[in-house]
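J.:
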Amino acid sequence: MTPGSRKIRVVLPFHLRNLAHVGSELELEVAGPVTQRSVLDALEARYPMLRGAIRDHDTLQRRAFLRFFACEEDLSHESPDALLPDAVASGKEPFIVIGAIAGG
Amino acid sequence: MSKVRVLVGTRKGAFILTSDGKREKWEVSGPHFAGWEIYHLKGSPVDPNRIYASQTSGWFGQIVQRSDDGGKTWLQPGTPPGEPIPTPGPPKSASNKFAYDVSAETGKPLTTHQWYDGTQHPWEFKRVWHFEPSLADADTVYAGVEDAAIFRSADGGENWKELSGLRGHGTGPQWQPGAGGMCLHTLILDPSNPQRMFIAISAAGAFRTDDGGMNWKPINRGLRSQYIPDPNAEVGHCVHHIAMNPKRPGVLFMQKHWDVMRSDDAGDNWTEVSGNLPTDFGFVIDIHAHEPETIYVVPIKSDSEHFVHEGKLRVFRSRTGGNEWEALTKGLPQKDCYVNVLRDAMAVDSLDKCGIYFGTTGGQVYCSSDAGDSWNAIVHDLPAVLSVEVQTLA
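Residue numbers (my numbering), protein chains in the order written: chain A, 1 to 104; chain B, 1001 to 1394.
#1: Using DSSP with H/G/I as helix, E/B as strand and the rest coil, what is A:Phe14?
#2: Between the region 1049 to 1063 of chain B and chain A, which residues of the former have a C-beta closer than 8 angstroms to a C-beta of the latter?
#3: Is B:Asn1096 close to chain A? Criterion is C-beta to C-beta, closer than 8 angstroms.
#4: Measuring alpha carbon to alpha carbon, tell me which of A:Ala31, A:Val39 and A:Leu43 ends up nearest A:His21.
#5: Residues of the region 29 to 58 of chain A with a CB closer than 9 angstroms to any CB of chain B: list them in chain order, please.
#6: Does the region 1108 to 1122 of chain B come close enough to the region 1026 to 1035 of chain B to have 3 or more Cβ pairs within less than 8 angstroms?
#7: Just to confirm the assignment: which complete alpha helix (DSSP H) runs, minimum length 4, are found wholly within the region 1238 to 1298 of chain B?
#8: Per DSSP, what are the beta-bridge partners of B:Leu1328 in this structure?
#9: Would B:Ala1099 count as contacting chain A if we go by Cβ distances under 8 angstroms?
#10: Determine whether the Cβ of B:Gln1076 lies closer than 8 angstroms to any Cβ atom of chain A.
#11: Kindly indicate which three-state DSSP category B:Gly1013 falls into: helix, strand or coil?
#12: Taking the alpha helix (DSSP H) that A:Gln36 belongs to, which residues open and close that run?
#13: By Cβ distance, which residues of its chain are closer than 6 angstroms to B:Arg1314, with the 5 residues on each side in sequence left out?
#14: Let me see if you follow: with CB-CB separation under 8 angstroms, is A:His15 close to chain B or not?
#15: Taking the straight line between their C-alpha atoms, what separation do you get for B:Leu1382 and B:Ala1014?
#16: Just to confirm the assignment, what range does the alpha helix (DSSP H) spanning B:Val1102 have?
#17: Is A:Arg62 close to chain B? Criterion is C-beta to C-beta, closer than 8 angstroms.
#18: Report yes or no: is there a C-beta of chain B within less than 8 angstroms of the C-beta of A:Phe69?
#19: Pick from B:Gln1334, B:Val1145 and B:Gly1355: whose alpha carbon is nearest that of B:Ile1295?
#20: Judging by CA-CA distance, which residue of B:Lys1072, B:Asn1096 and B:Gln1062 is the nearest neighbour of B:Gly1078?
#21: Check the Cβ of B:Trp1421 against every Cβ in chain A and list those closer than 8 angstroms, keeping chain order.
#22: Can you tell me the Cα-Cα spacing of A:Ile98 and A:Ile54, whole angstroms?
#23: Answer yes or no: does any C-beta atom of chain B fall closer than 8 angstroms to that of A:Gly99?
#24: I need the straight-line Cα distance from A:Gly104 to B:Met1001, nearest angstrom please.
#25: Between B:Met1197 and B:Thr1209, is the Cβ-Cβ spacing less than 8 angstroms?
#26: In three-state terms, what does DSSP make of B:Asn1376?
#27: Going by DSSP, which residues form a beta bridge with B:Asp1020?
#28: Check the Cβ-Cβ distances between A:Phe95 and every residue of chain B, and say whether any is below 8 angstroms.
#29: Would you check if the distance between the CB atom of B:Leu1277 and the CB atom of B:Ser1263 is smaller than 8 angstroms?
#30: Check the Cβ-Cβ distances between A:Leu75 and every residue of chain B, and say whether any is below 8 angstroms.
#31: Alpha carbon to alpha carbon, how far is B:Glu1389 from B:Leu1332? Give it in angstroms, no decimals.
#32: For B:Thr1018, which of B:Pro1133, B:Gln1176 and B:Asp1349 has the nearest alpha-carbon?
#33: For A:Arg17, tell me which candidate among B:Val1298, B:Phe1060 and B:Asp1268 has the shortest Cα-Cα distance.
#34: If distances are taken between C-alpha atoms only, which option among B:Trp1216, B:Gly1212 and B:Val1239 comes closest to B:Gly1222?
#35: Which same chain residues, not among the five before or five after B:Pro1090, have their C-beta less than 7 angstroms away from its C-beta?
#36: Assuming B:Gly1213 and B:Gly1168 are in contact, meaning their beta carbons sit under 8 angstroms apart, how far apart are those beta carbons, in whole angstroms?
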């Protein structure tokens, strides 16, 4: 592991797992402060096929029908630069990307 | 012996149907991309094993998929699975990035379009409705997208560049979405003139370029649409689909919202050829591969009732280039049928005895191996069919 980086657990919804060819949970190395932005940056760097599928390519805004959860809290409307809970930063709890329940 | 490969896009995945030239026994492969909307798949005429697919979702956006082995395996161009972190390196996964051009002077949106309430609205990318691979180069492919625009890739779908002369030619601010969104759904390349392309947009109309996509002009003279303020307007018509026989590229047939139309001068002028159709509302239209005056439509009851007329699934064929139509019913349900056939869901093969194919919102894909005289369902129970394309393979 790179010095100063942490191992973060990430859970993706079914369709994004298939796109990235990963299992139900994956581990990422995140350098520096553990925020939504740093976790998603690391995720997209490791799995470039996810670019544009979670956040808009240019604005990096969360796609409307996706939500971010951790520690049983909805963090979707938090600042992307706010620190994630310690339990996520320590790898105890995963950062969860979830699709809104809608459609048929 | 010749083979056919039918590429089917549905609401919940893609399916590939293959048969020999008899078109009696079929193998079904799929679902590919299970659970995703597959708006369209189309193979390259240069390399038939190269297939482009539009995988899309309201949740996760647009994904471009490509197969180089006839649909056995798929990849997202430029982003193979497990690729190492690019540090430093060029941005990856541009294959699903469709960025509209902005004004070179101001850096602001090139133009806006009319919104449902009459105000102006910026273009927002939603999805790819149609891929049209180049007739000359397997790595070059065009994409018709929603909100309406045309993009081109010259590297097998890795990177996309807008041909913004279409939106910027002047009528863009008058375009407005139809019920299905403001989509560029039809894209036709002229085999006799590499500089000429035709496109159609709901609800703006038909457009043509004669210089490879730099400049475009509306080609809607003769269209008449009662539902717009000026029924004879230059733009604003809800064109549902256009078909061209590659052997006679100057002649076009159109299924408009209402009305079946014909042009004998590459779209400069249109005349109505609905003739004795029971209703001239519909979505699909196609042309016999070897008889350029033989055309096919599936009339739909009305713009308020999107299912076939009188509970009967009937393809109508004209052997006279329109006006005189016969109902083709053999093998098709003739009672209690209430399916629709969407605009990109009909195709023809080029075998000696021309095969006609169409898919329904009820999940059936029908094939006629005798130019429409009789029909068989290749599959009965797929998800709602969005698109059907056919490849005739040596």
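Just so you know, even glycine gets a beta-carbon here, dropped at the ideal spot from N, CA and C.
T.: Judging by the given coordinates:
#1: In the first sequence, counting from the first residue as 1, residue 14 of chain A sits at position 14. Looking at A:Phe14 - three-state DSSP - the assignment turns out to be helix.
#2: Ser1057, Gly1058, Trp1059, Phe1060, Gly1061, Gln1062 and Ile1063
#3: Here residue 1096 of chain B refers to the residue found at position 96 when the second sequence is read from its first residue. Yes, because at least one Cβ of chain A sits closer than 8 angstroms to the Cβ of B:Asn1096.
#4: In the first sequence, the residue the question calls residue 21 of chain A occupies position 21. Comparing C-alpha distances from A:His21 to each of A:Ala31, A:Val39 and A:Leu43 shows the shortest one belongs to A:Leu43.
#5: Ala42, Glu44, Ala45, Arg46, Tyr47, Pro48, Met49, Leu50, Arg51, Gly52, Ala53, Ile54, Asp56, His57 and Asp58
#6: no
#7: none
#8: The sequence position of residue 1328 of chain B within the second sequence is 328, counting from 1. According to DSSP, B:Leu1328 bridges with B:Val1315.
#9: Sequence index remark: in the second sequence, residue 1099 of chain B carries index 99 (1-based). Yes, contact with chain A.
#10: As a working note, residue 1076 of chain B is residue 76 in the second sequence. By this cut-off, B:Gln1076 is an interface position.
#11: Numbered from its first residue, the second sequence carries residue 1013 of chain B at position 13. Here B:Gly1013 sits in strand by DSSP.
#12: What you label residue 36 of chain A is simply residue 36 of the first sequence in a count that begins at 1. Element bounds for A:Gln36: Gln36 to Arg46.
#13: Your numbering for residue 1314 of chain B matches position 314 in the second sequence. Counting only Cβ-Cβ distances below 6 angstroms, and skipping sequence neighbours, we find Ala1327 and Thr1329.
#14: The sequence position of residue 15 of chain A within the first sequence is 15, counting from 1. Closer than 8 angstroms: yes.
#15: In the second sequence, the residue the question calls residue 1382 of chain B occupies position 382. In the second sequence, the residue the question calls residue 1014 of chain B occupies position 14. Using only the alpha carbons, I get a separation of about 10 angstroms.
#16: For the purposes of this step, residue 1102 of chain B is taken as residue 102 along the second sequence, with counting starting at 1. In this chain, B:Val1102 is not harboured by any alpha helix (DSSP H), its DSSP state being neither H nor E.
#17: On the first sequence, position 62 is the one that residue 62 of chain A refers to. Not one chain B Cβ lies under 8 angstroms of A:Arg62.
#18: By 1-based counting over the first sequence, the position of residue 69 of chain A is 69. With 8 angstroms as the cut-off, A:Phe69 does not count as an interface residue toward chain B.
#19: To locate residue 1295 of chain B, count along the second sequence from 1; it is residue 295. When each option's Cα is compared against that of B:Ile1295, the closest is B:Gly1355.
#20: What you label residue 1078 of chain B is simply residue 78 of the second sequence in a count that begins at 1. When only C-alpha atoms are compared, the closest one is B:Asn1096.
#21: Chain B is shown only over 1001 to 1394; residue 1421 of chain B falls outside these bounds and no answer can be derived.
#22: Position 98 of the first sequence holds residue 98 of chain A. Position 54 of the first sequence holds residue 54 of chain A. Near 10 angstroms, if we compare the C-alpha coordinates of A:Ile54 and A:Ile98.
#23: What you label residue 99 of chain A is simply residue 99 of the first sequence in a count that begins at 1. Interface residue, yes.
#24: As a first step, residue 104 of chain A must be located in the first sequence, where it is residue number 104. As a first step, residue 1001 of chain B must be located in the second sequence, where it is residue number 1. Bear in mind that a pLDDT of 49 at A:Gly104, under 50, signals an unreliable position, so the model cannot answer this.
#25: The residue labelled residue 1197 of chain B in the question sits at position 197 within the second sequence. The residue labelled residue 1209 of chain B in the question sits at position 209 within the second sequence. Closer than 8 angstroms, so yes.
#26: Residue 1376 of chain B sits at position 376 when you count from the first residue of the second sequence. Three-state result, B:Asn1376: strand.
#27: In the second sequence, the residue the question calls residue 1020 of chain B occupies position 20. In DSSP, B:Asp1020 forms a bridge with B:Lys1003.
#28: In the first sequence, counting from the first residue as 1, residue 95 of chain A sits at position 95. Chain B, which has no Cβ nearer than 8 angstroms to the Cβ of A:Phe95, makes this no.
#29: Counting from 1 along the second sequence, the entry for residue 1277 of chain B is found at position 277. Counting from 1 along the second sequence, the entry for residue 1263 of chain B is found at position 263. Against a cut-off of 8 angstroms, the Cβ pair of B:Ser1263 and B:Leu1277 comes out as no contact.
#30: Here residue 75 of chain A is taken as the residue at index 75 of the first sequence, counted from 1. Not an interface residue.
#31: Here residue 1332 of chain B refers to the residue found at position 332 of the second sequence. Here residue 1389 of chain B refers to the residue found at position 389 of the second sequence. Each residue's Cα considered, the two are about 20 angstroms apart.
#32: Residue mapping note: residue 1018 of chain B aligns to position 18 of the second sequence, counting from 1. When each option's Cα is compared against that of B:Thr1018, the closest is B:Asp1349.
#33: For this step, residue 17 of chain A is matched to residue 17 along the first sequence. For A:Arg17, the nearest C-alpha among the options comes from B:Phe1060.
#34: Counting from one through the second sequence, the residue named residue 1222 of chain B turns up at place 222. When only C-alpha atoms are compared, the closest one is B:Val1239.
#35: Start at 1 with the first residue of the second sequence, and residue 1090 of chain B comes out as number 90. The predicted position of B:Pro1090 is uncertain, since its pLDDT is 43 and thus under 50; no value can be drawn from it.
#36: If you number the second sequence from 1, residue 1213 of chain B lands on position 213. If you number the second sequence from 1, residue 1168 of chain B lands on position 168. Incorrect: roughly 12 angstroms between the Cβ atoms, too far for contact.
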